[in-house]
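Chains as they are written, first to last, in the working numbering: chain A, 822 to 1485; chain B, 3 to 234; chain C, 10 to 262. The C-beta atom is built at its ideal place from N, Cα and C for all residues, glycine as well. All values reported here derive from a predicted model rather than from experimental measurement.
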Amino acid sequence: MPLKSNVPPGELGEKWTKYRSSMPLVAPNNKRRLEVIVVGTGLAGGAAAATLGELGYKVKVFTFHDSPRRAHSIAAQGGINAAKNYQNDGDSVYRLFYDTIKGGDYRSREANVHRLAEVSVNIIDQAVAQGVPFAREYGGLLANRSFGGVQVSRTFYARGQTGQQLLLGAYQSLSRQVSLGNVTMYNRHEMVDLVKVDGKARGIIARNLLTGELERHAAHAVVLGTGGYGNVFYLSTNAMNSNVSAAWRTVKRGAFMANPCFTQIHPTCIPVSGEYQSKLTLMSESLRNDGRVWVPKKKEDAIAIREGKKNGRDLSEEERDYYLERRYPAFGNLVPRDVASRAAKTACDEGLGVSPTGLAVYLDFADAIMRYGKSRATTLHEPDASDARIKELGTAVIEEKYGNLFEMYEKITGENPYVMPMKIYPAVHYTMGGLWVDYNLQTNIPGLFATGEANFSDHGANRLGASALMQGLADGYFVLPYTIGTFLADEIRTPMIDPDQKEFMDAEKAVADRISQVLDVKGNQSAESFHRRLGKIMWEYCGMSRSEEGLAKGREDIRRLRQEFYEDVFVPGTADEYNPELEKALRVADFLELGELMMVDAKDRDESCGGHFREEFKTEDGEALRRDEEYTYVSAWEWDDHDPILHKEDLVFENVELKTRSYK
Amino acid sequence: MNTWFVRFITSSIGKKVVMALTGLFLISFLIIHLIGNLQLLSGAGGQAFNEYAYFMTHNPLIKATSYGLYASILLHAIQGILLWIKNRQARGSQGYAVKANRTAGASKASYRMGAIGSIILIFLVIHLIQFWYQTHWGSQIETVDYEGWDQPINDLYALVAFTYTNIWMVVFYVVCMIFVGLHLWHGFESAFQTLGLSHEKWTPLVKIVGRVLSVALAAGFAIIPIWMYLNQ
Amino acid sequence: MGADNMKLTLKIWRQKGNKAKGQFQTYQVDNVSTHMSFLEMLDVLNEKLVSDKQEPVAFEHDCREGICGTCSLVINGYPHGPMQGTTTCQLHMRHFNDGDTITIEPWRSAAFPVVKDLVVNRDAFDRIIQSGGFISVNTGQAQDGNAIPIEKEVANEAMDAATCIGCGACVAACPNASAMLFTAAKVSHLAHMPQGEVEAAQRARRMVEQHDAEGFGRCSNITACEAECPKEISVEHIARLNREYLSSSVGGK
């Protein structure tokens, strides 16, 4: 079955405007009679729920958190892109569109990305109106900074807490709709199944996490804004509770999962320090503006450092390999995320890693401190400043720029990064893949929509920095509230959906059975231990570098692990109480299926693009080799336990010429 | 009464505003009270003090103000007790097994304003029975004749002096003044915070004034019994 | 370099549910590494409990990078532990010593009923925000983001307040279990912004009314909230709230 993207006809720049002006609308009096369920309260879900409420729909919102404000959007640090061109540096909607397409290594849908760039400007206006305290210049106007992979300054930010502030803006709008009675909020409710009636998404089964009770909730349409699935790797920068289950349940009901293997591995994270480690912490990409990445040239030095016999700081310039500057002289330390991550892996694979685990490289600010120190000394008319004085001045500049990040690093590692070079290593950060959606953000199941990181649409095979916040809010505020009308306009005669009909009862029963199945195993291993093992398999075979052979093995390992899970998992407690262990077990069970699908997808895609690097497909000097002739399509997978079925959506590039990315 | 007023005065901030305003008023009274009481140290058989006491009890303006003072004491105390009860309820039935009492600027006394206030209230009752009641309706008080007066006036000085011949009374007063000092140490700056009178430039000054005031008042009041005991 | 074999004694509050009676239980944890975060140390304990077929200790957490506000815990009497400006998830074991006894309790406040063990219900915070902690603007009604310049300093001060993560440490720390710092942070953040100033007085009144209705205590300016706030939000914002409230209740209509 060929997938229909439903991209409207016309010039790229006019598609959205024309489409928006001609799409079917739902009259206000009818909106009151239409119910919409939104799952997830992050930027994409929260913004969608608030806006749908404002439009007059009856909205029910679900989050498994204790409050909508806890969604993981809150952790985004750096900023949000928008083609405002406030800096007069040549930015435009087209440039943002082009950068995103190119950054995504030409594996995203042109029309969606252009729409994203168009509405990006509205997001900033909206957030300002909500009271988001963006950083300002002395003149009182909005400040911008630069991010990786682009040549303009278009990133808006609120200190290192941009995600938090944008999420709180959405949360406050949502709270307002709750207070007005337009939205009903269900905290601590986890979606455990999707209910389809006559092929359309008509509701969900939710588990009340406080009581364990299963609840049937019906609506005319269902929207998922449930985020990404990076936690399939166990260790990631995602929050501990981020999971794929809501999305995966819809896959089990027939929704397609698109490009599941497209995972973003972020180069600057704090390295793993031990077996007990539960999560990884990201250090903002902005650090690569001033930090120099290096490893020792000689293996002996690396070993001595690992054993604590030598100190990285004491190695002379000749003994260091600034490998990014050496390999990519044009972009140096500011190559895109996927490239920087792979280079770090290569260095550590060669035995040059600098932490006791051997999995870390240095991010060194010593040069930057001296450089800034000298410049500050000049400003202060201190031409004869001593080295110590210059270091002191330079440290102050670095502190001004990155103080909170350095502080966080020290809190976690106990090392002072002003003195010792930082140790970093890549970690799973974001998943570009997700539920397949058309231009309307509707999945292949009518009435089921997906927004934000939960869908696959805008970032192709690699996401640019500061674009996740943009996409989540674009979908939530400015796209879905319109496009959902294309489905709901035909539903105005549909009466309220009855949550007691057979389909709902069956779904509830299926969930109850699934819960019993997990509880009844009464084996010996915790869900957590299975999750950790799954993560290791994923990282080993479906991480930064993948091979046909490894992926085949990985798939087998996961299948075996899944079997073991259902034979030996131990979940304490019961189904009808507050039971975080049970929640975890159910999520791990879903990860065990998703992980397999990721292996299948990665194995199917015989090319290297963006975050997907296949060892068989690289250029002579080890760079990613894209194969546009064969693979310019979206892989949308229909789940089947034995052999997932591939549906292809061909990507048509009418406005952008496909080129090989080069950073040399 | 106006509904807005009831709503305001029964809200948490409204109640605190009552505490702040009455508290500040009581502090201003303490300042006047101390200045007057320092006459006790002027010797000369206490004439200056007795004349001051006569003035305070017979001037109509001061009499009128004193009703405001009584009302403030009652309001401050009752409101304080009500807040204390409310706050206990808010804390819940299960307390902490271990609790570190860290603050950001406020004194540790701030944790115990209710308890300290209660001690001061008890002190106040004893203090009023000892002197204020006696002045107005008491039988223990003698009168004294001064030159230039056409009638004898109460010899409150003698009563005070007699009271402070008892070392335990002196200790009691001094200890209670320490509590008054602690109460004011937090109370003064807290009142400004409650009234929203907070400013980057001026708040440090408010804090200094509050601290100087609480030490000066407590020390000033404590010196009197000690001095009188030593000079009996 | 840190050790990885600390032995600790944990006194942890266990409580089946809201109605149940709770009590402390003592656990021994061995082989604690100084590099572990406090929550990872509890993970190790839970892993052990599960492998012994016992019920693990329930505690809440999510982002583990100090921003989501989910984690809590009163550790040796300090909400979020003894390190200031740090959430429990960012507290590391290197701040403890081999052989230490650590007492772990939930937030204790009548308005935060215990769900289980160390987990409490903080819905009251949502309801305070719902009562007015927003700017009444619909999607699409905004003018250009640069239409109203905002002084850099003012935006910074607003950000200082807006940085609140809604964890509830202020309530846990306050001897009066008052949520004034939480309430004030939102009132002050929005009152600083010209967009939020329009509704500022009314917002303050409504949010304080809701705060009181939820059963939180009354602020007596003890400043324990600021001392324990993992984002170090200043009580200065409470003064601002008081100002807004006074002008709304006594002034205004």
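Scan the segment 1135–1210 of chain A and note each continuous alpha helix (DSSP H) run of 4 residues or more that stays entirely inside, going in chain order. 1144–1148, 1158–1170, 1187–1200
Just mark Leu1201/A as buried or exposed, buried being the case when its beta carbon has 16 or more other beta carbons within 10 Å. Start at 1 with the first residue of the first sequence, and residue 1201/A comes out as number 380. Result: exposed.
Check whether the Cβ of Gln211/C lies closer than 7 Å to any Cβ atom in chain A. Taking the first residue of the third sequence as position 1, residue 211/C is located at position 202. For Gln211/C, the answer is no, since every Cβ of chain A falls outside 7 Å of its Cβ.
With a cut-off of 8 Å, do at least 3 Cβ pairs link the segment 233–245 of chain C to the segment 174–185 of chain B? Cβ pair count under 8 Å is below three, so no.
For Ser14/B, which of Ala188/C, His198/C, Gly261/C, Gly205/C has the nearest alpha-carbon? Position 12 of the second sequence, counted from the start, is the residue given in the question as residue 14/B. Selected option, being the one with the closest Cα: Ala188/C.
Only counting the same chain, and skipping five residues up and downstream in sequence, which positions put a Cβ closer than 6 Å to that of Leu100/C? Position 91 of the third sequence, counting from 1, holds the residue named residue 100/C. So the list reads Phe47, Gly90, Met92, once near-sequence residues are dropped.
Could you check the C-alpha separation between Leu36/B and Val123/C for me, to the nearest Å? The residue you call residue 36/B lines up with position 34 of the second sequence. The residue you call residue 123/C lines up with position 114 of the third sequence. Near 50 Å, if we compare the C-alpha coordinates of Val123/C and Leu36/B.
Using a Cβ-Cβ distance under 7 Å, would Gly1049/A count as near chain C? Residue mapping note: residue 1049/A aligns to position 228 of the first sequence, counting from 1. So, not an interface residue.
Under the assumption that Ala1282/A contacts Met1241/A (Cβ atoms under 8 Å), give the Cβ distance between them as a whole number of angstroms. The count along the first sequence starts at 1 and reaches residue 1282/A at position 461. The count along the first sequence starts at 1 and reaches residue 1241/A at position 420. The pair is not a contact, with the Cβ atoms about 35 Å apart (cut-off 8 Å).
Apply the 10 Å Cβ neighbour rule to Tyr69/B and answer buried if 16 or more other Cβ atoms are within range, or exposed otherwise. By one-based count along the second sequence, residue 69/B stands at place 67. The residue in question, Tyr69/B, is exposed, as its Cβ has fewer than 16 Cβ neighbours within 10 Å.
Could you name the residues of chain C that Tyr113/B contacts, counting a contact when the two beta carbons are closer than 7 Å? The residue given as residue 113/B occupies position 111 in the second sequence. Chain C residues near Tyr113/B: Pro184, Ile231.
Quick one: is Thr79/C near chain A, going by C-beta distance under 7 Å? On the third sequence, residue 79/C is found 70 positions in, with the first residue counted as 1. Answer yes: the Cβ-Cβ gap between Thr79/C and chain A drops below 7 Å somewhere.
Reference Asp1341/A, options Val1390/A, Ser974/A, Ala1248/A, Arg1376/A, closest by Cα: Counting from 1 along the first sequence, the entry for residue 1341/A is found at position 520. In terms of CA proximity to Asp1341/A, Val1390/A leads the group Val1390/A, Ser974/A, Ala1248/A, Arg1376/A.
Just to confirm, is the Cβ distance from Leu1294/A to Trp1069/A under 7 Å? Taking the first sequence and counting its residues from 1, the one referred to as residue 1294/A is at position 473. Taking the first sequence and counting its residues from 1, the one referred to as residue 1069/A is at position 248. No; because the gap between Cβ atoms is not below 7 Å, this pair is not in contact.
Establish whether the CB of Glu245/C and some CB of chain A are separated by less than 7 Å. Working through the third sequence from its first residue, we reach residue 245/C at position 236. Judged by the 7 Å Cβ criterion, Glu245/C is not in contact with chain A.
Measuring only between beta-carbons, confirm whether Leu255/C sits less than 7 Å from chain B. As a position in the third sequence, residue 255/C is number 246, starting the count at 1. By this cut-off, Leu255/C is an interface position.
Quick check: the segment 40–58 of chain B against the segment 84–92 of chain B, are there 3 or more CB pairs under 8 Å? no
Quick one: which residues of the segment 999–1029 of chain A get their C-beta closer than 8 Å to a C-beta of chain C? List them in chain order. Val999, Ser1000, Met1006, Asn1008
What does DSSP give as the partner residues of Cys1090/A in its beta bridges? What you label residue 1090/A is simply residue 269 of the first sequence in a count that begins at 1. Per DSSP, Leu1103/A, Tyr1246/A.
Cβ shell of Tyr1298/A (< 7 Å), same chain only, five flanking positions each side left out: Within the first sequence, residue 1298/A is the residue found at index 477, counting from 1. Within the same chain, Tyr1298/A has close Cβ partners Ala868, Thr872, Ile944, Gln947.
Does the segment 848–859 of chain A come into contact with the segment 969–984 of chain A, if we say contact requires no fewer than three beta-carbon pairs (one atom in each stretch) closer than 8 Å? no
Distance between Ala1181/A and Lys839/A (C-alpha atoms, nearest Å): What you label residue 839/A is simply residue 18 of the first sequence in a count that begins at 1. What you label residue 1181/A is simply residue 360 of the first sequence in a count that begins at 1. One C-alpha to the other measures close to 51 Å.
Counting C-beta neighbours from all protein chains within 10 Å, is the total for Ala1209/A 16 or more, i.e. buried, or is it exposed? Position 388 of the first sequence, counting from 1, holds the residue named residue 1209/A. Only exposed fits Ala1209/A, as fewer than 16 other CB atoms lie within 10 angstroms of its CB.
On the premise that Gly198/B lies in contact with Ala248/C, defined as a C-beta separation below 8 Å, what is that separation, rounded to the nearest angstrom? In the third sequence, counting from the first residue as 1, residue 248/C sits at position 239. In the second sequence, counting from the first residue as 1, residue 198/B sits at position 196. About 5 Å separates the two Cβ atoms, so the contact holds.
Comparing C-alpha positions only, which one of Trp1460/A, Leu1479/A, Val1392/A sits nearest to Leu1256/A? As a working mapping, residue 1256/A is identified with position 435 in the first sequence. Closest option to Leu1256/A, judged by alpha-carbon separation, among Trp1460/A, Leu1479/A, Val1392/A: Trp1460/A.
Nearest-angstrom Cα distance between Leu1355/A and Tyr1050/A? Here residue 1355/A refers to the residue found at position 534 of the first sequence. Here residue 1050/A refers to the residue found at position 229 of the first sequence. Between the alpha carbons of Leu1355/A and Tyr1050/A lies a gap of roughly 13 Å.
At the level of alpha carbons, what is the spacing between Leu84/B and Arg227/C? The residue labelled residue 84/B in the question sits at position 82 within the second sequence. The residue labelled residue 227/C in the question sits at position 218 within the third sequence. Rounded to the nearest angstrom, the two C-alpha atoms are 11 Å apart.
Check Thr112/C in the structure and name its three-state DSSP category. Here residue 112/C refers to the residue found at position 103 when the third sequence is read from its first residue. Of the three classes helix, strand and coil, the one that applies to Thr112/C here is strand, per DSSP.
DSSP state of Phe1270/A, grouped into three classes? In the first sequence, the residue the question calls residue 1270/A occupies position 449. In the structure shown, Phe1270/A sits in a strand (DSSP, three-state: E or B).
Hey, how far is the Cα of Thr67/B from the Cα of Ala73/B? Residue mapping note: residue 67/B aligns to position 65 of the second sequence, counting from 1. Residue mapping note: residue 73/B aligns to position 71 of the second sequence, counting from 1. The alpha-carbon atoms of Thr67/B and Ala73/B are separated by roughly 10 Å.
With 16 other Cβ atoms within 10 Å as the buried cut-off, status of Asn76/C: The residue labelled residue 76/C in the question sits at position 67 within the third sequence. Correcting the residue type first, residue 76/C is Ile in the shown sequence and not Asn. It is buried - the Cβ of Ile76/C has at least 16 other Cβ atoms within 10 Å.
For Ala102/B, return the contacting residues in chain C, with the cut-off set at a CB-CB distance below 8 Å. As a position in the second sequence, residue 102/B is number 100, starting the count at 1. For Ala102/B, the neighbours in chain C by C-beta distance under 8 Å run, in chain order, Asn85, Gly86, Tyr87, Pro91.
To the nearest angstrom, report how far apart Leu989/A and Ala865/A are at their CA atoms. One-based indexing of the first sequence puts residue 989/A at position 168. One-based indexing of the first sequence puts residue 865/A at position 44. Roughly 12 Å separates the two Cα atoms.
Can the beta-carbon of Asp135/C be found closer than 7 Å to that of Gln24/C? For the purposes of this step, residue 135/C is taken as residue 126 along the third sequence, with counting starting at 1. For the purposes of this step, residue 24/C is taken as residue 15 along the third sequence, with counting starting at 1. No, the Cβ-Cβ distance between Asp135/C and Gln24/C is not below 7 Å.
Where Met1006/A sits in the DSSP three-state scheme: Here residue 1006/A corresponds to residue number 185 of the first sequence, with the count starting at 1. Three-state DSSP puts Met1006/A in a strand.
Ile113/C and Gln204/C - do their beta-carbons sit closer together than 7 Å? On the third sequence, position 195 is the one that residue 204/C refers to. On the third sequence, position 104 is the one that residue 113/C refers to. In this structure, the beta-carbon distance from Gln204/C to Ile113/C does not fall below 7 Å.
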